[in-house]
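Protein chains in written order, with this note's numbering: chain P, -1 to 144; chain F, -1 to 144; chain B, -1 to 144; chain V, -1 to 144. The next block holds one structure in the form of structure tokens; read it before the comments.
In structure tokens:
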């Protein structure tokens, strides 16, 4: 197996392992993990009644949570434990009941222990509804034992 | 009733009205609204199993969601509809199962349609676990008809 | 002339007009404008003695200023007046005396009056030294009369 | 001398030492350091022709720079070398020629090596023109040898 394939295979294993244990993302929010690749991840969540706030639209915190989960998979994909140190989000459009939100995220830079990752959340019409930037910090340990 | 009392009473009414309809904050997340005053709000959430991510700690997205809800009450407290345009968060300490998180938020500036609000999330040991800054934009409409 | 060429030509004219009047960027900081295209800009600045702070490295505020200027050209490139509403920056590496810093910026989304623009600042070794994200708001008026 | 007085005296010494060497803030921008106390600083800058951008108002980068300098004094005030890791700014009002800008900053939290500091920039009418939040990281070394 080539090194590139190994990195891909490892990221997939990290993603599956983390997601299986992630009650918040999987069970509470109802997200699906579509892809976990080196420095890259994609997740999906359909807006359901449980996600609605007092204005009857998806709570912005849950749009953030979708992006934050995707960020977690992207920044742990190298199999070095990493945590979110900070994040910012721009809310561009509301998300409504039954909308299908897909978040795609990409590592922008990984410099020593710190990385910067950009996430884009789109709805089923391919409209950008939020832009998220996360800063990660690596901590000791690995997600899986290769 | 003095004007000051009116503003306080109106903010309380706004808070109760919004919270009663907020499935995401009240039912899904299990938050309590402790205070909604002019430009000011306080909420509480205990970390339960449903909040845990793959590392077995409270999902950062839910810490953000607690702060984002508190922000929503603070920026709607004047009874002009307002939405979150953007937000940023610094994660300072993890939150663990059974921790009781209290978020307090304060309007820093309200200039025309735009406001800036700062939220502080503390645990039951009064340790700051996150700092959140939200930017609001007023939109047409009112929360309640006074 | 095709529409595409017109948009390019207009952006170039906007860039030249704004830069000619920009004492801060041109004269005080010593920046050069390399490109102003629709939703896109590139600027360059060499670190000189006047840019150094008390640690003897380039003041972070001037790295921000390079990115903020580039952002201004990118978000005004459509010839609708636009101002910076907010910005954030990650400082990844220091910049030293004589370093040549190049900032490239790209529109990520333009939705109604508001846009999000990402800038990357690199040194002469092509190392990323800062990542900047700016939020613009369009205001009435045009930069040039086409 | 009491411990409190020592901390105050040390912060003053740190401020004076850093500022004397800070060509960017002192000479290029024309700032004055009004106060450097433990976790706290205040600086002032008058908007002059050299600060104006292509719209004839103070370059936002220089408003950021004023806040970033004040942040540097606040986060180095304990005499542990600290650098800016990231910052965000909200621009609320423009600053015009001859305006006198005063930035006051305060440590919000210092947790291990990392701190969060909030700066408020006001003009001579006491209007808030910008809010800045900076994240610091301590690095080895001291500013002065006590």
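Yeah, the Cβ is synthetic: ideal placement off N, Cα and C, and Gly gets one too. Treat the numbers as computed from the prediction; the structure is a model and nothing was measured.
By the 16-neighbour rule on beta-carbons within 10 angstroms, residue 94 (chain B) is exposed. Closest in C-alpha terms to residue 27 (chain B), from the list B:4, B:68, B:133, comes B:68. Only residues of its own chain outside the window of five on either side were considered, and among them 58, 128 have a CB closer than 6 Å to the CB of residue 89 (chain V), listed in chain order. Annotated as proximal: residue 132 (chain B) and residue 115 (chain B), with beta-carbon spacing under 8 Å. For the segment 104 to 137 of chain V, the residues whose beta carbon sits under 7 Å from a beta carbon of chain F are, in order, 106, 107, 109, 114, 126, 129, 131, 133. For residue 136 (chain P), DSSP records a beta bridge to P:80. Residue nearest to residue 103 (chain B) within the set B:92, B:112, B:119 is B:119 (criterion: CA-CA distance). By the neighbour-count criterion, in which a residue is buried when 16 or more other Cβ atoms sit within 10 angstroms of its Cβ, residue 3 (chain F) is exposed. Residues of chain B with a Cβ closer than 8 Å to the Cβ of residue 22 (chain F) do not exist, since the nearest Cβ in that chain sits about 24 Å away. Around the beta-carbon of residue 143 (chain P), fewer than 16 other beta-carbon atoms lie within 10 Å, marking it exposed.
Listed along the chain, the chain B residues whose CB falls inside 7 Å of the CB of residue 88 (chain V) are 84.
Excluding its 5 nearest sequence neighbours in each direction, residue 51 (chain F) has C-beta neighbours in its own chain below 6 Å: 57, listed in chain order.
DSSP places residue 45 (chain B) outside both helix and strand once states are collapsed to three, so it counts as coil. If you check the CB distance, residue 112 (chain V) and residue 135 (chain V) come in under 8 Å. Neighbours of residue 57 (chain P) across chain F, judged by C-beta separation under 9 Å: 20, 21, 22, 23, 26, 27, 63, 66, 67, 70. Sequence-distant partners of residue 9 (chain V) (beyond 5 residues in either direction) whose C-beta falls short of 6 Å from its own C-beta, in its chain, are 34, 35, 36, 75. Here residue 65 (chain P) is near residue 117 (chain P), since their CB atoms are less than 8 Å apart.
Residue 10 (chain B) is bridged by DSSP to nothing; it lacks a bridge partner.
The beta carbon of residue 38 (chain P) sits no closer than 8 Å to any beta carbon of chain F.
About 6 Å separates the CB atoms of residue 32 (chain F) and residue 42 (chain F); that is less than 8 Å, so the two are in contact.
Taken in chain order, the members of the segment 38 to 53 of chain V whose beta-carbon sits within less than 9 Å of a beta-carbon on chain B are 47, 48, 49, 50, 51, 52, 53.
Judged by their CB atoms, residue 11 (chain V) and residue 71 (chain V) are not nearer to each other than the 8 Å cut-off. Where residue 109 (chain P) is concerned, the enclosing beta strand (DSSP E) starts and stops at 98 to 109. Distance from the Cα of residue 122 (chain V) is smallest, within the candidate group V:22, V:91, V:20, for V:91. For a Cβ distance threshold of 9 Å, residue set 51, 52, 53 of chain B lies close to residue 16 (chain V), ordered along the chain. With contacts defined as CB atoms closer than 8 Å, residue 62 (chain V) and residue 62 (chain B) qualify as a contacting pair. Nearest neighbour of residue 105 (chain B) by Cα position, chosen from B:54, B:39, B:48, turns out to be B:39.
Residue pairing by DSSP places residue 30 (chain B) opposite B:42 in a beta bridge. Beta-bridge pairing by DSSP links residue 88 (chain F) to P:84, F:129. Separation of residue 79 (chain V) and residue 54 (chain B) (C-alpha to C-alpha, rounded to the nearest whole angstrom) is 13 Å.
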